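For the sequence shown, the UniProt record's numbering gives the first residue as 1, with consecutive numbering after it. The beta-carbon is built from N, C-alpha and C at its ideal position, and this holds for glycine as well. Since the model is a prediction, treat every value here as computed from it, not as a measurement.
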Amino acid sequence: MPTLDDDHTGTRIREQRKLARLTQRELADRLPYSYSLLNQVECGARPATSDFVAAVSRVLKVDVTTLTGQPYVTELQRDRLAELVRPIREALDLYDLGPNPDLTTRPAGELVTAADQLCSQVRATRLRDAARELPGVIAELTHIAWSTPSSELWQALASTYRTAHDITVKLGYYDLSAVALDRMDWAAQRASDPCLAAVRQYMRALVYFREGEYRIGQRLVASGHGVVGQAEETREALAVAGQLYLGASVISARAGDETAVNRHIDAAREIAGRIGDASDVHWLSFGPTNVDLHRMSAAVEMRRYDDALKQARKIKLPPALPMSRRAHFLIDRARTEMETGHTDAALKHLVKARRWAPEQTRYHPAARETITGLVHLSRRTPDTLNHMAAWIGL
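Here is the structure:
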């Protein structure tokens, strides 16, 4: 049996449990999971799935990142990504200083295009490139939006804050991602853009989803629907409403409400049937394929792995689907394959996720936990799995 180091999620759960002065049995009694599973997770024999970690974090009253170990600083430093976070933090902090007389900016049209290109880079999983360019674009747009305000410029600035959120979430800096969402709201209000404001509520809902606060997540989705309902029924507004339904579906799945899952999926599918693929709207990837992907994700969250695998095998990813969404699907599928005993297939999909989206995959906690699970399930670790475990930092 191969061994891993002691710095894994199960170890951190054990440490925090002891700090809370709880025995394994006492913690298990407060969780919707068995004592046996808690014991196996703590010793590293089973992976700590995101729903399990969220439940433990709620009971122990700690942040999820305390248990996952995010951000994975050692790997971020090796990849020279950690050094790109401080300029983003500074750009988010200096939002309220008004015009910068020492700054030379590009024309407004170029900056609006640059903001959109940053969203495109994140969807292409070019996180390093986007992180390097982002602070400068924020600074220029902040200056020009204060100097010559217009809805288009405030919208573009809100978009850069959304990109800051996306990058920092993917790199594990959840505290900074929350600041980015506050800045997004600040700019969206000045743009008087209900669709942007609703997208921000969608993203906030996913923050609470990760922390296991499902009721709050559902309230934020409802708030988003209320905001986007103020807009005209355009293709943009419908796509945002549809994505809100998809967010609600996975939150409901994690909460164990199958009836709500089906209701939200059906509502999203009806909208997708009306407008078709709307991947270009706010880079949300909304459309028929994303409805199918969320239906599969809901099955994974409800731990119905046989059903999830059956769905996954039927999904055909269109060429236009953003790479970030493709990699997310592969990581979900790898977990499903592992949980149904198909360890070789699970590893194959993780290798593909690494090839397609290395920066996103390396820092994805679900990829890390699935690799941990595969190592412990292997009597003899194949070279490919050894390489993956070393690459991801285990």
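Query raised in the report: Looking at C-alpha atoms only, which residue of Y173, E15, K61 is the closest neighbour of Y72?
Result: That would be Y173, whose Cα lies nearest to the Cα of Y72.
**Report entry** E152 versus A191 - alpha carbon distance
**Finding:** About 7 angstroms.
Report task. Determine contact between the stretch 305–315 and the stretch 323–342, defined as no fewer than three beta-carbon pairs at a distance below 8 angstroms. Result -> Yes: at least three Cβ pairs fall under 8 angstroms.
Query raised in the report: In terms of residues, what are the limits of the alpha helix (DSSP H) holding P149?
Result: For P149, there is no enclosing alpha helix (DSSP H), as DSSP marks it with neither H nor E.
**Report entry** Counted within 10 angstroms of its Cβ, other Cβ atoms place T384 as buried (16 or more) or exposed
**Finding:** It counts as exposed.
Query raised in the report: To the nearest angstrom, how far is it from the Cα of E42 to the Cα of D280?
Result: Looking at the two C-alpha atoms, the distance is approximately 43 angstroms.
Query - Per-residue burial, G387 [other beta carbons within 10 Å of its own, 16 or more giving buried] - result: Checking the sequence, you will find His at residue 387 rather than Gly. H387 is exposed by the Cβ-count criterion.
Query raised in the report: Should P318 be labelled buried (16 or more other beta-carbon atoms within 10 Å of its own) or exposed?
Result: When all chains shown are included, P318 counts as exposed.
Query raised in the report: Which full runs of the alpha helix (DSSP H) of 4+ residues lie inside the stretch 245–306, going along the chain?
Result: Counting only runs that start and end inside the stretch 245–306, the alpha helix (DSSP H) elements of at least 4 residues fall at 258–275, 288–301.
Query raised in the report: K310 by DSSP, collapsed to three states: which one?
Result: K310 falls in the helix class under three-state DSSP.
Requested in this report: Just the C-alpha distance for S285 and L19, rounded to the nearest angstrom, thanks.
Outcome: Going by the C-alpha atoms only, they are around 42 angstroms apart.
Query raised in the report: Which runs of the alpha helix (DSSP H) fall wholly inside the stretch 214–250 and span at least 4 residues, in chain order?
Result: The alpha helix (DSSP H) runs lying completely inside the stretch 214–250 and spanning 4 residues or more are 214–228, given in chain order.
**Report entry** Residue nearest to S177 in terms of C-alpha spacing, selected from L350, T160, D193
**Finding:** For S177, the closest of L350, T160, D193 by C-alpha to C-alpha distance is T160.
Query raised in the report: In three-state terms, what does DSSP make of H165?
Result: Reduced to three states, the DSSP call for H165 is helix.
Report task. Ignore the nearest five residues each way along the sequence and tell me which others in M184's own chain have a CB closer than 7 angstroms to its CB. Result -> Hits under 7 angstroms: A158, Y161, R162, H165, R200.
**Report entry** Boundaries (first-last residue) of the alpha helix (DSSP H) holding A191
**Finding:** A191 -> alpha helix (DSSP H) spans 174–191.
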